[in-house]
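Colleague:
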RNA sequence: GCGCCCGUAGCUCAGUUGGAUAGAGCAGCGGAUUUCUAAUCCGCUGGUCGCAGGUUCGAAUCCUGCCGGGCGCGCCA
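Numbering (the working numbering), first residue to last: 4 to 715.
#1: DSSP three-state call for residue 30: helix, strand or coil?
#2: Roughly how many angstroms separate the alpha carbons of residue 525 and residue 565, rounded to a whole number?
#3: Once DSSP output is grouped into helix, strand and coil, what is the label at residue 432?
#4: What are the uninterrupted segments assigned as beta strand (DSSP E) that are 3 or more residues long and contained completely in the stretch 465 to 502, given in chain order?
#5: Give the DSSP-derived three-state secondary structure of residue 675 in the structure shown.
#6: For residue 35, list the residues DSSP reports as bridge partners.
#7: What residue ranges within the stretch 226 to 291 form continuous alpha helix (DSSP H) runs of no fewer than 4 residues, ordered along the chain?
#8: For residue 544, report the span of its alpha helix (DSSP H) as first-last.
#9: With DSSP collapsed to three states, give me the class of residue 628.
#10: Starting from the N-terminal side, write out each stretch of the alpha helix (DSSP H) that is 4 residues or longer and does not extend beyond the stretch 635 to 712.
#11: What is the residue span of the beta strand (DSSP E) that residue 407 lies within?
#12: On the DSSP letters alone, give me the boundaries of the beta strand (DSSP E) that residue 383 sits inside.
#13: Nearer than 7 Å: is that true of the beta carbon of residue 708 relative to any heavy atom of the ligand ZN?
#14: Taking DSSP as the reference, what is the three-state secondary structure of residue 507?
#15: What are the uninterrupted segments assigned as beta strand (DSSP E) that are 3 or more residues long and contained completely in the stretch 134 to 197, given in chain order?
#16: Please list the segments of the alpha helix (DSSP H) lying wholly inside the stretch 81 to 109, counting only runs of 4 or more residues, in order along the chain.
#17: Throw me the rounded Cβ distance for the residue 168 and residue 636 pair, which I believe falls under 8 Å.
#18: Where does residue 529 land, buried or exposed, given buried means 16+ other C-beta within 10 angstroms?
#19: Return helix, strand or coil for residue 572, following the three-state DSSP convention.
#20: Taking residue 595 and residue 501 to be in contact with their CB atoms under 8 Å, please state how far apart those CB atoms are, rounded to whole angstroms.
#21: Kindly indicate which three-state DSSP category residue 392 falls into: helix, strand or coil?
#22: On the three-state DSSP scale, how would you describe residue 404?
#23: If you check the beta carbons only, do residue 237 and residue 194 fall under 8 Å apart?
#24: Just to check my reading of the structure: residue 154 and residue 464 have Cβ atoms closer than 8 Å, yes? What is that Cβ distance to the nearest angstrom?
#25: State the CB to CB distance for the pair residue 442 and residue 362, rounded to an integer number of angstroms; the pair is presumed to be in contact (CB under 8 Å).
#26: Please report the straight-line C-alpha distance between residue 49 and residue 324, rounded to a whole angstrom.
#27: What's the C-alpha gap between residue 372 and residue 639?
#28: Can you tell me whether residue 490 is buried or exposed? The criterion is at least 16 other CB atoms within 10 Å of its CB, across all chains shown.
#29: Classify residue 644 as buried or exposed, calling it buried when 16 or more other Cβ atoms lie within 10 Å of its own Cβ.
#30: Three-state secondary structure (DSSP) at residue 116?
#31: With C-beta atoms as the reference, is residue 600 less than 8 Å away from residue 711?
#32: Can you tell me whether residue 340 is helix, strand or coil according to DSSP?
#33: If you follow the beta strand (DSSP E) that residue 379 is in, where does it begin and where does it stop?
#34: Taking 8 Å as the threshold (C-beta atoms), are residue 714 and residue 604 in contact?
#35: Considering residue 416, what are the terminal residues of the beta strand (DSSP E) in which it resides?
#36: Is there contact here, the stretch 203 to 211 with the stretch 263 to 274, by at least three beta-carbon pairs under 8 Å?
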């Protein structure tokens, strides 16, 4: 079935046309849920705004509209009542029989779990590319990745449920300049093993260097000199890289081993740069501060002589992905290896992208709101974005035009270039949407990658890159990549989000000022959830409830712990910052995961007990008490909620819906006995209503990636 | 300096494309229970929606200016 809201919109659209003919056609009827239940269930606010354009009193418009409605409704069974109120509000109250009918029509759980929500029609159906999570290789996931990962995941689930084709893309940072350091780090691990260094020697080295920095410049220079000498010796011992290559064939790195090595290299190079070490010592083949840059060049050159670098790179990606996947599984996030299309994937397209920019944007080009021109500036390939009047779209600190740089003066490509390549790959499709490019190199590279994904909509779930994305989007617009003959433009959206803050209202950090590791955050949450569960064990015994097994308690702790962290995040407005607070997110009261999960467990408890009694599958649903009507109505609003979430990409609206649903159930539960209902018919009806409420909660929580537990 | 985001109850936050008397939770106060899981429910108290103008039938929401906070502003991602 369609959502009640959609049905009402259709009905009022038709009524507008009936009442006002041509002038009433194509007007949004402005139907929405009522601001207050005393005004009914929904309201139509179109009369006030229409009064002006029709030169009529709003009240009169409303009266004619209501007449139109009754004509439309006269074709069938009336399913709602209308009443004009105030300046011209049309208040809508749904008939109880209609609600009962809709609820009854929801198929049994065995048939499907859509709860009557209709998937998108063929015409509405979109291919949506969702770019989210996107961690960097050789860095551990921290709270900074939390929002992108779980918001992106929820969006994927919701769009998928709504019937769209969702293509998840994990835009892994696997090609940046930091890779020189990672590979060099692996080389240090190799050299250390060969020398027989004890475990943890790289951490110790970093600590020593930090200590030297606290002491004096001289101490730092001495330390660097020793390190450099050792490094030169190790390099000389395996100049051909044969031993290193052999080592790589058998080496299985873990992220835990890679991270200290990376930090070591980073610390050494930073210190060498800062102290001017490279200038003071004679006869160096490569400056100590630039070894990793050199390694990056070797990696990016490719070729037979650099295959060790490539192999080390590959190993570091594998290790990072293993660590990420473990966390994704733990978080209940859908991302898998097949969704990974890192920056390196687009490497072969970059030269073509620059060629395309130079060719297509040689002179100011672009229809719409953005014009772009590509030219060399200080040796770099730059795209200057302009407004239609020729004024620069973006300005620097001195008011000078700020370009998007596609290629550095040293020839290296940047993430802008990669993002353009990725956008082309996502938009283009070998059959559905062949984007025309003039660069042969780009066309060939794209074809070699299969021709692209054919997105109608691309969502960038990334924080903190507004300016960059605006530039990239404007460039794409100017290049004409979004436009499609006979179809709407491809829609590119930056799904931005706010910071996770600590108690001090500053970005959440550990006491030592480091990013909080996601792994440790989840450990803590599970630990706290377990404490809550243990606390309630005693109460369970008092109440004579079935005891939970140790295994069950452990499982519940995981679900509550992870669910609470996710729900706390998803229930916030996506765009604003929020303060992270353990007590609040694990509280049983209010808009929290435990509250919703508890409501579900309570219903399931009824269900288990009812199952032993009379069968209720085909029971007649009768909503008698006000709380029953409220609950039933709420259940039926899942579809329209998801429509809004799919459009606004605001998971907090789904959370709000589920909280309202759980609260409606709790109210029902307080006043309406189910198993002890007065008569068999009422009992059967209520059991069925409970079942629908439980399924709605479970499906809704599922769309947030949160497991509903049978018992708590 | 310029650009973007934010400012709502003591605290943490909601508030779909402008709609009727601005809502939750926590905290505070007061109630309900021989429980279908009290990890609950109900009530009360609490607001110049940062400030000042404007747009209109109507503004927390749109526009302008100011105050306060955050982020960004050429070869990092």
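Built from N, CA and C at the ideal position, the CB exists for glycine as well.
Modeller: Answer, in terms of the structure:
#1: coil
#2: 6 Å
#3: strand
#4: 494 to 497
#5: coil
#6: 46
#7: Those alpha helix (DSSP H) runs which fall completely within the stretch 226 to 291 and span 4+ residues are 245 to 253, 258 to 278 and 280 to 283.
#8: 521 to 546
#9: coil
#10: If we require 4 residues or more, the alpha helix (DSSP H) runs fully inside the stretch 635 to 712 come out as 641 to 651, 654 to 674 and 683 to 706.
#11: 407 to 410
#12: 383 to 389
#13: The model on display carries no ligand, and the ligand ZN is accordingly not part of it.
#14: coil
#15: 168 to 172
#16: 99 to 108
#17: Actually they are not in contact, since the Cβ atoms of residue 168 and residue 636 sit about 32 Å apart, beyond 8 Å.
#18: buried
#19: helix
#20: Not confirmed; about 19 Å, so no contact.
#21: coil
#22: strand
#23: yes
#24: 6 Å
#25: 6 Å
#26: 53 Å
#27: Their backbone Cα atoms lie some 42 Å apart in a straight line.
#28: exposed
#29: buried
#30: coil
#31: yes
#32: Here DSSP, grouped into helix, strand and coil, assigns residue 340 to helix.
#33: 374 to 380
#34: yes
#35: Counting along the chain, residue 416 falls outside any beta strand (DSSP E), and DSSP gives it neither H nor E.
#36: yes
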